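J.: Dropping a structure here in structure tokens format, bear with me for questions.
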DNA sequence: ACAATTGTGAAAAGAATATCACAGGGCGTC
DNA sequence: GACGCCCTGTGATATTCTTTTCACAATTGT
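Residue numbers (full-length UniProt numbering), protein chains in the order written: chain A, 1 to 290; chain B, 1 to 290.
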């Protein structure tokens, strides 16, 4: 069984299409903590993959093994083969690709961005920002620019579920002055501005400031001029081997913020989410499985 | 048991002097093929070390374990810690915050997602996908759903700079059938579909498929049903400590793809980018400094 | 020769595994 | 919207494999 040149992980990958939903879920769980999870008792594997015991038994036979112990034996064989060879290191991210492959270089750069971003962030400022954005008594305006409006909308979509009373403004559109008419003292603007910094965004921030609104700014390490207007400034590192900048780190911050706010306001959010679920079910917009 | 900082191998080494001859022989055998040999049945270990079964049983208890299964559990735990790789060492990302702070927990999860995503990705498929998306002779349709349309648009915005002949389609809108009218043989659809998978997206993919278009799918580890229609399937891990899934890893893949394509087509892209720069200068949409 | 160590063989206790029948649910089909 | 198929989980059971622990003999080293 273990004689074939490909690893068990590869073999599972290959047959992924033949597998059913629960089996795929199981396969992914095996691959996720590979190979350790497959070396424990069948029952623990089933539990950690959230599938039933028979599903595991059925699958290993589907994969061509006589039984679970047979499968484990193969895993152990592979493990000892790996250990014998030169110390297998995790120096590349996409193991199947050479380290110069763009996937590895890019991922490397992004991880680096995340590292430095997190090293410089002020958790207190972050928490304050979350509190501001979560505050239902303030109207929430989310502002993005030419590229960053995608991030803005991502935040908007989730905040929409969490709380009422919010607006998505696109600074590059010529409709934004209308929104400002209603904005006032105590409202909150979440502004996204990374280079190249946009004049419209700056103007919008200035006006919001004049009207006594709070401003939370997502920007890059060079800091948009909006930072002079901002009450809280969350900066991310965005350099990657590309002609453009990376939005991934900012996305990570945004998602962290969503998660933090969702925790903060869980009691009231839950109800809204459940209602939303029901609505989705009714409209049959989504499918449940497969 | 597995809480101590030292590995089991080290612990055995340390106590080597306390061991008797047969036990030492056993210990050496365990270390020789570490950790695979310890993960098999007790009897096989005894045999491969040329000691008796009771010797093994006696020794693991001497090492402080309740029994052989307990010893194995510890080994597995260590194995999975090793497999996690070098970055697992990074206990906290945002050093200024405690490790339980959402910033750290979330970042940890995302890094984990990135690692498993990269471990499972097929670089050849990725390159093929890039080539398809870069091919100017094919019309490019980019399709997103309720949440994923933000990612779709992000890709669209950048591809717009790189090449002509592309369309952004939102599967949740009711205008998408119009776009399909023009789609045909050889065109390319980039489809985003993560759970909860959307019926509209599936239908759209089916129709595109029927018309002989190529489909590149961005999805999550549970794989949207669209994968049956897709020529290339790029999956990302999206689990985070939140009520929602994370788009960060998918964003990373998208940006990697943009970067790869930009490199592929640099000669023709440069001109387009320069033209764009000029246009932006003229419209004074952006500011040059500060 | 004595004491400690180790192996033998066996038996009992304990786990883990394989398998079954059945029920519930999703999904496609008509 | 109803029917039926396929997948999946539950719970129970039989079976097989492991582990644990005996008592006792063999071996080794001192």
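Cβ atoms here follow ideal geometry from the backbone N, Cα and C, with glycine treated the same way.
Bear in mind that the values here come from a model prediction, so they are computed numbers and not experimental data.
Under the criterion of a Cβ to heavy atom distance below 7 Å, does residue 218 of chain A qualify as lining the ligand ATP?
T.: The ligand ATP is not part of the structure shown, which contains no ligands of any sort.
J.: Just checking: is the beta-carbon of residue 247 of chain A within a distance shorter than 8 Å of some beta-carbon in chain B?
T.: Yes - at least one Cβ of chain B is within 8 Å of the one on residue 247 of chain A.
J.: Going by DSSP, what residue range makes up the beta strand (DSSP E) through residue 168 of chain B?
T.: Per DSSP, residue 168 of chain B belongs to the beta strand (DSSP E) from 166-170.
J.: Look at the alpha carbon of residue 267 of chain B and the alpha carbon of residue 162 of chain B, and state the distance between them as a whole number of angstroms.
T.: Approximately 10 Å, taken between the alpha carbons.
J.: Taking the alpha carbon of residue 171 of chain B as the reference point, which residue from B:190, B:158 and B:185 has its own alpha carbon closest?
T.: The shortest Cα separation from residue 171 of chain B among B:190, B:158 and B:185 belongs to B:190.
J.: So what's residue 173 of chain B in DSSP terms, helix, strand or just coil?
T.: DSSP places residue 173 of chain B in coil when its eight states are reduced to three.
J.: Between B:74, B:58 and B:120, which lies nearest to residue 19 of chain B when the distance is taken from Cα to Cα?
T.: The candidate whose alpha carbon is nearest that of residue 19 of chain B is B:58.
J.: Report the neighbours of residue 258 of chain B on chain A: residues whose CB is nearer than 8 Å to its CB, in chain order.
T.: By Cβ distance, chain A contributes 242 and 244.
J.: Write down every uninterrupted run of the beta strand (DSSP E) in the segment 103-173 of chain A whose length is 3 residues or greater and which is fully enclosed by it, in chain order.
T.: Here the runs fully enclosed are 140-144 and 166-170.
J.: Looking at chain B, is there any beta carbon in it that lies within less than 8 Å of the beta carbon of residue 123 of chain A?
T.: At least one chain B Cβ lies under 8 Å of residue 123 of chain A.
J.: For the segment 65-74 of chain A against the segment 37-46 of chain A, are there 3 or more C-beta pairs whose distance is under 8 Å?
T.: Counting Cβ pairs under 8 Å, three or more are found: they touch.
J.: Tell me where the beta strand (DSSP E) around residue 215 of chain A begins and ends.
T.: From DSSP, the beta strand (DSSP E) with residue 215 of chain A extends over 214-220.
J.: Measuring CB to CB, does residue 249 of chain B end up less than 8 Å from residue 117 of chain B?
T.: Yes, Cβ-Cβ distance for residue 249 of chain B and residue 117 of chain B is below 8 Å.
J.: Can you give the Cα-Cα distance for residue 106 of chain B and residue 230 of chain B, rounded to whole angstroms?
T.: Their Cα atoms are separated by approximately 31 Å.
J.: Can residue 133 of chain A and residue 273 of chain A be called in contact, C-beta distance under 8 Å?
T.: Against a cut-off of 8 Å, the Cβ pair of residue 273 of chain A and residue 133 of chain A comes out as no contact.
J.: If contacts are defined as beta-carbon pairs under 8 Å, then residue 240 of chain A and residue 255 of chain B qualify, I think. What distance do you get, rounded to the angstrom?
T.: With 8 Å as the limit, residue 240 of chain A and residue 255 of chain B qualify as a contact, their Cβ atoms being about 7 Å apart.
J.: Just how far apart, CA to CA, sit residue 22 of chain A and residue 55 of chain A?
T.: Distance between the alpha carbons of residue 22 of chain A and residue 55 of chain A: 7 Å.
J.: Rounded to whole angstroms, what is the Cα-Cα separation between residue 167 of chain A and residue 81 of chain A?
T.: Looking at the two C-alpha atoms, the distance is approximately 58 Å.
J.: Across which residues does DSSP place residue 32 of chain A in a beta bridge pair?
T.: Note: residue 32 of chain A sits in no beta bridge, so no partner.
J.: Check whether the Cβ atoms of residue 263 of chain A and residue 102 of chain B sit closer than 8 Å, and answer yes or no.
T.: Cβ distance < 8 Å, so residue 263 of chain A and residue 102 of chain B count as in contact.
J.: Exposed or buried, residue 173 of chain B, counting other C-beta atoms within 10 Å across all chains shown (16 or more means buried)?
T.: Exposed, because fewer than 16 other Cβ atoms sit within 10 Å of the Cβ of residue 173 of chain B.
J.: Using a Cβ cut-off of 7 Å, pull out every chain B residue sitting near residue 174 of chain A, in sequence order please.
T.: Under the 7 Å cutoff, chain B gives no residues; its nearest Cβ is about 12 Å from residue 174 of chain A.
J.: What is the DSSP secondary structure of residue 236 of chain B, reduced to helix, strand or coil?
T.: In this structure, residue 236 of chain B counts as strand in the three-state DSSP scheme.
J.: Would you identify the three-state DSSP class for residue 19 of chain B, choosing helix, strand or coil?
T.: Residue state, collapsed to three classes: coil.
J.: Could you tell me how far apart the beta carbons of residue 234 of chain A and residue 109 of chain A are, in whole angstroms, since I believe they sit closer than 8 Å?
T.: Between residue 109 of chain A and residue 234 of chain A the Cβ distance is about 20 Å, and since that is not below 8 Å, they are no contact.
J.: Is residue 15 of chain B close to chain A, meaning its C-beta is less than 8 Å from at least one C-beta of that chain?
T.: For residue 15 of chain B, the answer is no, since every Cβ of chain A falls outside 8 Å of its Cβ.
J.: Quick check: residue 227 of chain A and residue 187 of chain A, are their CB atoms within less than 8 Å of each other?
T.: No, these two residues do not count as a Cβ contact at 8 Å.
J.: With distances taken Cα to Cα, identify the nearest neighbour of residue 159 of chain A among B:147, B:157, B:152 and B:79.
T.: Here the closest residue by C-alpha is B:147.
J.: Using the rule of at least 16 other Cβ atoms within 10 Å of the residue's Cβ for burial, across every protein chain shown, is residue 225 of chain B buried or exposed?
T.: Counting Cβ neighbours within 10 Å, residue 225 of chain B comes out buried, since at least 16 surround it.
J.: Pull out every residue of the segment 149-179 of chain A whose Cβ sits closer than 7 Å to any Cβ of chain B, in chain order.
T.: Hits within the stretch, in order: 150, 153, 154, 157 and 158.
J.: What does the alpha-carbon distance come out to for the pair residue 198 of chain A and residue 149 of chain A?
T.: If I take the Cα positions, the gap works out to 12 Å.
J.: For the alpha helix (DSSP H) containing residue 254 of chain B, list its first residue and its last residue.
T.: It spans 248-264 - the alpha helix (DSSP H) in which residue 254 of chain B sits, taken as one unbroken run.
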